[in-house]
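K.L.:
Take a look at the following structure, please.
There are 2 protein chains.
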Amino acid sequence: MGKKQKIFRPKARIPKGLRDIPAAAVRAEAAMLARIREVYEAYGFEPLETSAFEYADALGKFLPDADRPNEGVFSLQDDDEQWLSLRYDLTAPLARYVAEHYDGLPKPFRRYQTGPVWRNEKPGPGRFRQFTQFDADTVGAPTVAADAELCMMAADCLEALGIPRGSYVMRVNNRKVLDGVFENAGITGEGAEFEARHLTVMRAIDKLDRLGPEGVRLLLGKGRKDESGDFTEGAHLSDEQIDRIMAFTGAGGDDRAAVCARMGELVGDSARGLEGVAEMRLIDELLSAGGYGADRVAFDPSVVRGLGYYTGPVFEAELTFEAETEDGRMRFGSVGGGGRYDDLVERFKGVKVPATGFSIGVSRLYAALEALGKLETETVLPPVIVLTMDNDRLADYQRMVMELRAAGIRAEMYLGGSGMRAQVKYADKRGAPCVVIEGEDERAAGEVTIKDLILGAQKAEEITDNTEWRESAHAQISVPRAGLVGAVKDVLARHTAAR
Amino acid sequence: MGKKQKIFRPKARIPKGLRDIPAAAVRAEAAMLARIREVYEAYGFEPLETSAFEYADALGKFLPDADRPNEGVFSLQDDDEQWLSLRYDLTAPLARYVAEHYDGLPKPFRRYQTGPVWRNEKPGPGRFRQFTQFDADTVGAPTVAADAELCMMAADCLEALGIPRGSYVMRVNNRKVLDGVFENAGITGEGAEFEARHLTVMRAIDKLDRLGPEGVRLLLGKGRKDESGDFTEGAHLSDEQIDRIMAFTGAGGDDRAAVCARMGELVGDSARGLEGVAEMRLIDELLSAGGYGADRVAFDPSVVRGLGYYTGPVFEAELTFEAETEDGRMRFGSVGGGGRYDDLVERFKGVKVPATGFSIGVSRLYAALEALGKLETETVLPPVIVLTMDNDRLADYQRMVMELRAAGIRAEMYLGGSGMRAQVKYADKRGAPCVVIEGEDERAAGEVTIKDLILGAQKAEEITDNTEWRESAHAQISVPRAGLVGAVKDVLARHTAAR
Numbered sequence: 002m003g004k005k006q007k008i009f010r011p012k013a014r015i016p017k018g019l020r021d022i023p024a025a026a027v028r029a030e031a032a033m034l035a036r037i038r039e040v041y042e043a044y045g046f047e048p049l050e051t052s053a054f055e056y057a058d059a060l061g062k063f064l065p066d067a068d069r070p071n072e073g074v075f076s077l078q079d080d081d082e083q084w085l086s087l088r089y090d091l092t093a094p095l096a097r098y099v100a101e102h103y104d105g106l107p108k109p110f111r112r113y114q115t116g117p118v119w120r121n122e123k124p125g126p127g128r129f130r131q132f133t134q135f136d137a138d139t140v141g142a143p144t145v146a147a148d149a150e151l152c153m154m155a156a157d158c159l160e161a162l163g164i165p166r167g168s169y170v171m172r173v174n175n176r177k178v179l180d181g182v183f184e185n186a187g188i189t190g191e192g193a194e195f196e197a198r199h200l201t202v203m204r205a206i207d208k209l210d211r212l213g214p215e216g217v218r219l220l221l222g223k224g225r226k227d228e229s230g231d232f233t234e235g236a237h238l239s240d241e242q243i244d245r246i247m248a249f250t251g252a253g254g255d256d257r258a259a260v261c262a263r264m265g266e267l268v269g270d271s272a273r274g275l276e277g278v279a280e281m282r283l284i285d286e287l288l289s290a291g292g293y294g295a296d297r298v299a300f301d302p303s304v305v306r307g308l309g310y311y312t313g314p315v316f317e318a319e320l321t322f323e324a325e326t327e328d329g330r331m332r333f334g335s336v337g338g339g340g341r342y343d344d345l346v347e348r349f350k351g352v353k354v355p356a357t358g359f360s361i362g363v364s365r366l367y368a369a370l371e372a373l374g375k376l377e378t379e380t381v382l383p384p385v386i387v388l389t390m391d392n393d394r395l396a397d398y399q400r401m402v403m404e405l406r407a408a409g410i411r412a413e414m415y416l417g418g419s420g421m422r423a424q425v426k427y428a429d430k431r432g433a434p435c436v437v438i439e440g441e442d443e444r445a446a447g448e449v450t451i452k453d454l455i456l457g458a459q460k461a462e463e464i465t466d467n468t469e470w471r472e473s474a475h476a477q478i479s480v481p482r483a484g485l486v487g488a489v490k491d492v493l494a495r496h497t498a499a500r
Numbered sequence: 002m003g004k005k006q007k008i009f010r011p012k013a014r015i016p017k018g019l020r021d022i023p024a025a026a027v028r029a030e031a032a033m034l035a036r037i038r039e040v041y042e043a044y045g046f047e048p049l050e051t052s053a054f055e056y057a058d059a060l061g062k063f064l065p066d067a068d069r070p071n072e073g074v075f076s077l078q079d080d081d082e083q084w085l086s087l088r089y090d091l092t093a094p095l096a097r098y099v100a101e102h103y104d105g106l107p108k109p110f111r112r113y114q115t116g117p118v119w120r121n122e123k124p125g126p127g128r129f130r131q132f133t134q135f136d137a138d139t140v141g142a143p144t145v146a147a148d149a150e151l152c153m154m155a156a157d158c159l160e161a162l163g164i165p166r167g168s169y170v171m172r173v174n175n176r177k178v179l180d181g182v183f184e185n186a187g188i189t190g191e192g193a194e195f196e197a198r199h200l201t202v203m204r205a206i207d208k209l210d211r212l213g214p215e216g217v218r219l220l221l222g223k224g225r226k227d228e229s230g231d232f233t234e235g236a237h238l239s240d241e242q243i244d245r246i247m248a249f250t251g252a253g254g255d256d257r258a259a260v261c262a263r264m265g266e267l268v269g270d271s272a273r274g275l276e277g278v279a280e281m282r283l284i285d286e287l288l289s290a291g292g293y294g295a296d297r298v299a300f301d302p303s304v305v306r307g308l309g310y311y312t313g314p315v316f317e318a319e320l321t322f323e324a325e326t327e328d329g330r331m332r333f334g335s336v337g338g339g340g341r342y343d344d345l346v347e348r349f350k351g352v353k354v355p356a357t358g359f360s361i362g363v364s365r366l367y368a369a370l371e372a373l374g375k376l377e378t379e380t381v382l383p384p385v386i387v388l389t390m391d392n393d394r395l396a397d398y399q400r401m402v403m404e405l406r407a408a409g410i411r412a413e414m415y416l417g418g419s420g421m422r423a424q425v426k427y428a429d430k431r432g433a434p435c436v437v438i439e440g441e442d443e444r445a446a447g448e449v450t451i452k453d454l455i456l457g458a459q460k461a462e463e464i465t466d467n468t469e470w471r472e473s474a475h476a477q478i479s480v481p482r483a484g485l486v487g488a489v490k491d492v493l494a495r496h497t498a499a500r
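Which chain is which? The protein sequence lines are S and B, in order. In terms of our numbering, the first sequence has 207 at position 206, counting the first letter as 1, and numbering is strictly consecutive. In terms of our numbering, the second sequence has 390 at position 389, counting the first letter as 1, and numbering is strictly consecutive.
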């Protein structure tokens, strides 16, 4: 084809790691977002929309794999030489927004935002370079009551979406406690080198799920060679330090107060660590007062969160059930997370603005709800199709669809170039409940024929004999032209009742 | 500040030509999109979402100012060297989608899509580099009944949004008729040079609104020097050719049939021109049958549309009223447009796939509705704020907000670090209908105080004497703790009734 003519024909393909979302999924996702919005609004959060781009320096470098050359972000240079980046999350743009409009905002500033974010990462199965997040943040709230609230709200969201209690858990930890454990274990220092080491330790802990305790011990020590032979440099902690870290990550459990007690032991007399433990105790108190037991919100020191900007409580929403997916039986794991980031607005303003937030990974949660059969897929009935039997009578068919729409019924006139058989096939493909036919005969008799496609399909399934099928499977009736709307309504009522 | 410490502080600023959308506007825009969606769905269109990026070659070069160096598009190179571009409209991605999934789609394929698009253009007042469009397209529809339908649907949309009949008009023209006029005037040729000249003529016509007939005549002839002294090269048509073009652009009027007749004269015996006139006659027939008079959908040969990909009917939605805006009294002009693009899918597939579409410029239409006072701004009541009078009793306050939420009332506990005065100020700023107070005294009495902020503000306006204000403006009542929800409901009922 390309050889015969010299015209350039681009290949029709979506860029790698991106995807199109067809009608049913668009509707189901919208229903899902509406549920989340209801919960966020009940808690007093207000919407905000920021643009897709931020100046690169405003976004900062907080992504887990900041060591990749392009740092995980899509960036380009503006015509005034400034670098623009597509947002990789909704938190960094919020920090910019708050810093820019600080004086005019109510404090605390409670906002929710949903929209796409972009990561310039290697795509994989279920791992896209554009995905949707739905965040709620409280900026200007020093108390961890704000963090406790977010954990409760996240649990409410998951239940509002149909995930049963017991099938999810919010897991909470605290970076201050982690810092205290480091300090008490003698992992101390200052400056960029210490921070890099600190990050290495946190990322090692973050891999506990995937690598198991032995793998993490290697990463905390000399380093680890993976199956492909690639070597990852370790954090070079001593065996005793590693023991303490591992003891900490294993200190979770069903009793939040007991976890707090173990945390208290592991931080020793580190002031920062003790502050973190006190925060966890307050969070426990508020959760308990709210009736949120450890089955819904648990304390788990193995949660660290990859992002570099957290400073206090961190939390992760985890689905605990297994489900059948295209890739076999699997646990969905994390569908959201967040934490406290007291320094993010300070980056701009030079003054502390304590803040905390929670982000739902909409695309991942969607996949989980799909596997659970909890998506709201119904919602909108497909349109009634009026067939175009005669191209000279388009105005008459158009009048029919207008009458149907005026009665609140989705309807369209067939606008393709094919004959009747193909038109009915088209209506089937659209899932149309029925088609309306006014050919020469009907016209002469002053009638229209309404063919019930859903009933027709059911009958066709029941009937094996082909002749009989031809007779009855049509499931069609003829009514006077003036009775069009009423007859279509009858068909729709039958289907709505059956659903 | 920056001099005292060496820490890098990025300036908190949104990139130029972009904007943040605050809560009330997010809600009003969502209400607007819901109205448009209802109309599109009634017409049988189904949603689709494509990603923000497309491969640059798939998008093609169809923007009006393709002569700028960056061609109006934000582009960057992927790590496999391929160029990615952010979509500049929703039509080109649709063409890519249809070509990629052609065999599996129902034909015609009727889809709607809304979302941001990006243009790398010079920003100006009300002219942003990210804005929202809301499109509906019918792909695989050879008949201009599809175009007529889009014009009617666009008119329905504007009325559904509250724009009164008479305050808008859909203006329709046809590129084939324009081609016929060119041919009949002896403006003929082939290849890239002719196409460029053709485009120069169309863009000249497109400037009729701004430059008037004299300015356009110059652009059709030798060229035009603007006020700044910049010279724009003309199309170098002869005076007689210019006369014919100008006669055509002036051939509009209130009677669609009469416009068709004048079009017929101006195309002479150009086959393509006559085809276009026949199309316009069919569109007129369908519009008239549908009851859409020229007050709603008019034929206007001065409409050409800037985009390069149109091949048949083109249409523009214009608001005809003047309104007071920040920049003074002005006519809003175009808030949407579209047309037929029979070649856009062919670019990929090598086979004709006739298509037509209409796009609403959501951001512009929003500004127009705002000026008209037709935005749905109400929608969600601000939250009730429970003050935190005592930091040791957060669990008690949290219980109150939980009770309120369980009763369907938006509510939040104050989470900032300030005292009571600032807390009430915060509640005012949030627009809270009331605050709930349980201080030491109330606690001792087993009561809570509910302070009606809206009533309080009204009273404060009526009262000039400061002492009296202190007494009465509080508009507050104390109720037993168990009566909290009921008392708050009473306050809300009063306000809802008053609105």
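Ideal Cβ placement from N, Cα and C applies to all residues, glycine included.
(1) What are the boundary residues of the beta strand (DSSP E) that Q114(S) is part of?
(2) Which ranges would you report for the alpha helix (DSSP H) in the stretch 355 to 408 of chain B if only whole runs of at least 4 residues count?
(3) In chain D, which residues lie with their C-beta within 8 Å of the C-beta of F316(S)?
(4) Which residues share a DSSP beta bridge with T133(B)?
(5) Are there 16 or more other CB atoms within 10 angstroms of the CB of T115(B), so buried, or fewer, so exposed?
(6) For Q399(B), which residues in chain S fall below 9 Å Cβ to Cβ?
(7) Provide the residue span of the alpha helix (DSSP H) that contains V278(S), from first to last.
(8) May I ask which residues mark the beginning and end of the alpha helix (DSSP H) holding I455(B)?
(9) If you drop the 5 nearest sequence neighbours on each side, which residues of the same chain put their C-beta closer than 7 Å to that of F322(S)?
(10) When the Cα atoms are used, what is the spatial distance from L493(B) to A408(B)?
(11) With a threshold of 7 Å between beta-carbons, can L345(S) be considered close to chain B, or not?
(12) Is Y293(B) closer than 7 Å to M154(B) when the C-beta atoms are compared?
(13) Between which two residues does the beta strand (DSSP E) carrying P481(B) extend?
(14) Residues of chain S with CB under 7 Å from R411(B), in chain order?
(15) I need the boundaries of the alpha helix (DSSP H) containing E266(S), first residue and last residue.
(16) For A53(S), return the contacting residues in chain B, with the cut-off set at a CB-CB distance below 9 Å.
(17) Cutting at 7 Å between CB atoms, please list the residues of its own chain near T497(B), excluding the five before and the five after it.
(18) When the Cα atoms are used, what is the spatial distance from G277(S) to F75(S)?
(19) Measure the C-alpha to C-alpha separation of E455(B) and P434(B) and round it to an integer number of angstroms.
(20) I'd like to know if R394(S) contacts chain B, where contact means its C-beta is closer than 7 Å to some C-beta of that chain.
(21) Determine, for F110(B), whether the minimum Cβ-Cβ distance to residues of chain S falls below 7 Å.
(22) Is it buried or exposed for S239(S), if we count other Cβ within 10 angstroms and need 16 for buried?
(23) Any beta-carbon of chain B closer than 7 Å to the one on R166(S)?
(24) Using CA atoms only, rank isn't needed, just tell me which of K226(B), F135(B), G307(B) is closest to N174(B).
(25) Would R20(B) pass as a contact of E55(B) if the rule is Cβ separation under 7 Å?
(26) Please state the DSSP three-state secondary structure of G487(B).
(27) Between R330(B) and the rest of its own chain, which residues show a CB-CB distance below 6 Å, the 5 nearest in sequence each way excluded?
(28) Is the beta carbon of G447(S) closer than 7 Å to that of A476(S)?
(29) Taking the alpha helix (DSSP H) that R176(S) belongs to, which residues open and close that run?
(30) Can you list, in chain order, the residues of its chain whose CB lies under 8 Å from that of A483(B), leaving out five sequence neighbours each side?
(31) Can you find a CB in chain B that lies within less than 7 Å of the CB of L95(S)?
(32) Under three-state DSSP, which class holds Q88(S)?
(33) Would E501(B) and V449(B) be called neighbours here (beta carbons separated by less than 7 Å)?
(34) What would DSSP say about D21(B), mapped onto helix, strand or coil?
(35) Where does the unbroken beta strand (DSSP E) through L219(B) begin, and where does it stop?
(36) With E55(S) as the anchor, note down where its beta strand (DSSP E) starts and where it stops.
P.N.:
Considering the structure as presented:
(1) First-last of the beta strand (DSSP E) with Q114(S): 110 to 119.
(2) For the stretch 355 to 408 of chain B, whole alpha helix (DSSP H) runs of length 4 or above, ordered along the chain, are 363 to 373, 395 to 407.
(3) Among the chains of the structure shown, chain D does not appear; the protein chains present are S and B.
(4) BP columns for T133(B) point to P117(B).
(5) Burial is judged here by how many other beta carbons sit within 10 angstroms of a residue's own beta carbon; T115(B) has at least 16 and is buried.
(6) Correct list: A146, A149, E150, M153, L287, A290, G291.
(7) Start and end: 272 to 290.
(8) Taken as a continuous stretch (DSSP letters only), the alpha helix (DSSP H) holding I455(B) covers 454 to 463.
(9) Within the same chain, F322(S) has close Cβ partners S168.
(10) Taking the straight line joining both Cα atoms gives about 12 Å.
(11) No, L345(S) lies away from the interface with chain B (no Cβ there is under 7 Å from its Cβ).
(12) Contact: no.
(13) From DSSP, the beta strand (DSSP E) with P481(B) extends over 477 to 481.
(14) Within 7 Å Cβ-Cβ: E42, A43, G45.
(15) First-last of the alpha helix (DSSP H) with E266(S): 257 to 268.
(16) Going along chain B in sequence order, the residues near A53(S) (Cβ under 9 Å) are L19, A53, L87, P117, W119, Q131.
(17) For T497(B), where only same-chain residues beyond five positions count, there are no Cβ hits under 7 Å.
(18) Near 36 Å, if we compare the C-alpha coordinates of F75(S) and G277(S).
(19) It should be noted that the sequence gives Ile, not Glu, for residue 455(B). Cα to Cα, I455(B) sits roughly 6 Å from P434(B).
(20) At a cut-off of 7 Å between beta carbons, R394(S) makes no contact with chain B.
(21) Judged by the 7 Å Cβ criterion, F110(B) is not in contact with chain S.
(22) That one is exposed.
(23) False, the Cβ-Cβ gap to chain B never drops below 7 Å.
(24) Out of K226(B), F135(B), G307(B), G307(B) has the C-alpha closest to the C-alpha of N174(B).
(25) In this structure, E55(B) does not lie closer than 7 Å to R20(B) by Cβ.
(26) The answer is helix: DSSP assigns G487(B) an H, G or I state.
(27) When the five nearest sequence neighbours on each side are left out, the beta carbons in the same chain lying within less than 6 Å of the beta carbon of R330(B) are those of E323, in order along the chain.
(28) No. Outside cutoff.
(29) Counting along the chain, the alpha helix (DSSP H) containing R176(S) begins and ends at 176 to 185.
(30) Excluding sequence neighbours, A483(B) sits near nothing in its chain.
(31) No, its Cβ sits nowhere closer than 7 Å to a Cβ of chain B.
(32) Looking at the sequence itself, residue 88(S) is Arg, so the reference to Gln does not match. In the three-state reduction of the DSSP assignment, R88(S) falls in the coil class, being assigned neither a helical nor a strand state.
(33) Since the displayed chain B opens at 2 and closes at 500, residue 501(B) lies outside it and no answer follows.
(34) Coil.
(35) Segment 209 to 221 is the alpha helix (DSSP H) holding L219(B); no beta strand (DSSP E) there.
(36) Element bounds for E55(S): 54 to 56.
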